[in-house]
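Residue numbers (our numbering): -19 to 543.
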């Protein structure tokens, strides 16, 4: 008898295995203890959005509206200050030539987000919770630490973006450390908006995305990029006369767009809708609408990224420092010293980007740019905090109060940023982005490999497991993305020119690659490469040669879920 869904057929009785009643704490329910009555547990899911009934239509805009929200929160990671900086550098260094890379990275991101959403919808658990049940203790803790590093790196970029925006808006009156402190306070305030309703919180994020679209769209209209060159760069996958700097920038685009913590975030956000997971029709419908919503959200984020690339490609591609210095001097800008009197190519970041816009197109361009950066930093800071909460709760099975969780996740990210902001200037602060991009690139396998592993297992996904095309395609995409990001890491490390660092990195790489190989081994077994399975894995995590029996790493280690 198919015992996986006995509890669905007989909801009042726990499932049985060979006549023995098993615990119902399986893949479809949480193993966490209930929250304490003294301090009620609260998170993004205090309420769930009901889905309207409309059985007569194959597609319903009312249902799409009900499912709209998680995809847009997820898309904010594609618009964080790190992405914006990557966009403007791409335009300034390569013109329109790398727009096709941005388009391809966004499409790949959409396919990966589809896997994350399906895992959350089908199992009712997010990726961190599934990892907590499936991996043994040591790999699980290592995986959690790696994901936390990615979240901290992303959070630091977002806080840096907010601090720079406040500095630009105040014409330098608010120091960088002051901007960091303001970001701490307003993040705490905004994160409690869901007390007023989940849909109101999602609407607030929608407002921030709208502010970004209007701000960067204004810059786009004002600069008036060459539309022919823009379309050519977007749909012609070729980079004419590109040197190593442009190729490294192309790699940086992929690393900036596809972020590891966003996979964990999206798999959690989709749990916010009322879905009967015992009804395959409802699950299939939820997957469809979430994919449509994610497509729309990422299309909007792609357009906003294109606005930024096009503005800097049209206005600042091949500009030299001496040209910009002369223009800023003529406009009366107080930041002329940022651009040395030489003929080297202009190097821009978020701060310099706002300055040069102000020099060439007037103060309004600078302020509107800063408003867009502030919206990007603030929105991504909030979603980054949610990612930290979901990851910590899932991997460590924590049930803390909202304030304690926000305080911890905020402090971990903001403390090192605050130190840098106090003791360094804005050039050093924005220069941290290269290191932080490398840090996040290294963590990418720790999100992509688990999501492909678990969405390929029929014992977890049942009829919604990845088919052969998705298994092969997903494996190839993940291999390519990880290889690109590792190249980015190698380029960064070799630029440091330090033998001691080379030795340290080599030692860390051995441990790093060993763990990636472990995750890849488990993933290949899940994909059906049964010859890699061995009988000595024990009861912590084992996929048999048939790949349809899976021993769960759960609170009840003796519970086996069998198709």
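C-beta atoms are modelled at their ideal positions from N, C-alpha and C, and glycine is treated no differently.
Since the model is a prediction, treat every value here as computed from it, not as a measurement.
Consult DSSP for residue i and reduce its assignment to one of helix, strand or coil.
{"i": "residue 361", "result": "helix"}
{"i": "residue 48", "result": "coil"}
{"i": "residue 29", "result": "strand"}
{"i": "residue 366", "result": "helix"}
{"i": "residue 320", "result": "coil"}
{"i": "residue 342", "result": "coil"}
{"i": "residue 288", "result": "helix"}
{"i": "residue 396", "result": "helix"}
{"i": "residue 165", "result": "helix"}
{"i": "residue 154", "result": "coil"}
{"i": "residue 425", "result": "helix"}
{"i": "residue 297", "result": "coil"}
{"i": "residue 510", "result": "helix"}
{"i": "residue 76", "result": "coil"}
{"i": "residue 564", "result": "Because the chain here runs from -19 to 543, residue 564 falls outside it and cannot be looked at."}
{"i": "residue 172", "result": "coil"}
{"i": "residue 206", "result": "coil"}
Start and end of the alpha helix (DSSP H) containing residue i?
{"i": "residue 380", "result": "Counting along the chain, residue 380 falls outside any alpha helix (DSSP H), and DSSP gives it neither H nor E."}
{"i": "residue 126", "result": "117 to 149"}
{"i": "residue 37", "result": "Segment: none, residue 37 is in no alpha helix (DSSP H) and carries neither H nor E."}
{"i": "residue 56", "result": "Note, residue 56: premise wrong, no alpha helix (DSSP H); not H, not E."}
{"i": "residue 113", "result": "107 to 114"}
{"i": "residue 327", "result": "Segment: none, residue 327 is in no alpha helix (DSSP H) and carries neither H nor E."}
{"i": "residue 482", "result": "479 to 506"}
{"i": "residue 84", "result": "79 to 103"}
{"i": "residue 181", "result": "178 to 203"}
{"i": "residue 308", "result": "301 to 311"}
So, at 7 Å on beta carbons, what are the nonlocal neighbours of residue i in its own chain, with the 5 sequence-adjacent residues on each side left out?
{"i": "residue 356", "result": "59, 60, 61, 64, 141, 192"}
{"i": "residue 322", "result": "301, 302"}
{"i": "residue 512", "result": "501, 504, 505"}
{"i": "residue 275", "result": "90"}
{"i": "residue 67", "result": "285, 288, 289"}
{"i": "residue 42", "result": "32, 34"}
{"i": "residue 297", "result": "71, 72, 75"}
{"i": "residue 264", "result": "none"}
{"i": "residue 98", "result": "267, 435, 444"}
{"i": "residue 157", "result": "398, 401, 402"}
{"i": "residue 202", "result": "341, 345"}
{"i": "residue 278", "result": "55, 58, 86, 89, 90"}
Apart from the five residues on each side of it in sequence, which residues of its chain come closer than 6 Å, Cβ to Cβ, to residue i?
{"i": "residue 57", "result": "239, 242"}
{"i": "residue 213", "result": "76, 77, 79"}
{"i": "residue 144", "result": "330, 331"}
{"i": "residue 507", "result": "436, 451"}
{"i": "residue 334", "result": "148, 346, 349, 350"}
{"i": "residue 465", "result": "235, 421, 424"}
{"i": "residue 195", "result": "348, 351, 352"}
{"i": "residue 40", "result": "34"}
{"i": "residue 360", "result": "56, 60, 138"}
{"i": "residue 118", "result": "none"}
Which same chain residues, not among the five before or five after residue i, have their C-beta less than 8 Å away from its C-beta?
{"i": "residue 469", "result": "418, 421, 422"}
{"i": "residue 415", "result": "472"}
{"i": "residue 44", "result": "269, 272, 273"}
{"i": "residue 328", "result": "68, 69, 72, 292, 296, 336"}
Under a CB-based cut-off of 8 Å, is residue i close to chain C?
{"i": "residue 333", "result": "Chain labels in this structure do not include chain C; a single protein chain is all it has."}
State whether the region 100 to 110 contacts the region 355 to 374, with contact taken as three or more CB pairs (one from each stretch) at a distance under 8 Å.
Cβ pair count under 8 Å is three or more, so yes.
Whole alpha helix (DSSP H) runs in the region 212 to 281 with 4 or more residues, listed along the chain?
Every alpha helix (DSSP H) stretch that sits fully inside the region 212 to 281 and reaches 4 residues is listed by chain position as 224 to 237, 240 to 249.
Any chance the region 59 to 76 sits against the region 128 to 146, with 3 or more Cβ pairs inside 8 Å?
Taking 8 Å as the limit for Cβ pairs, the verdict is that the region 128 to 146 does touch the region 59 to 76.
Three or more C-beta pairs under 8 Å: does that hold for the region 430 to 439 against the region 450 to 465?
Using a C-beta cut-off of 8 Å, the region 430 to 439 makes contact with the region 450 to 465, since at least three inter-stretch Cβ pairs fall below that distance.
Is the region 335 to 343 touching the region 302 to 311 in the sense that three or more CB pairs, one from each, lie closer than 8 Å?
Touching, per the Cβ criterion.
Every unbroken beta strand (DSSP E) inside the region 427 to 461 [3 residues or more]:
Complete beta strand (DSSP E) runs here, min 3: none at all.
Given 8 Å, three or more beta-carbon pairs between the region 123 to 131 and the region 259 to 279
At 8 Å Cβ cutoff, the stretches do not touch.
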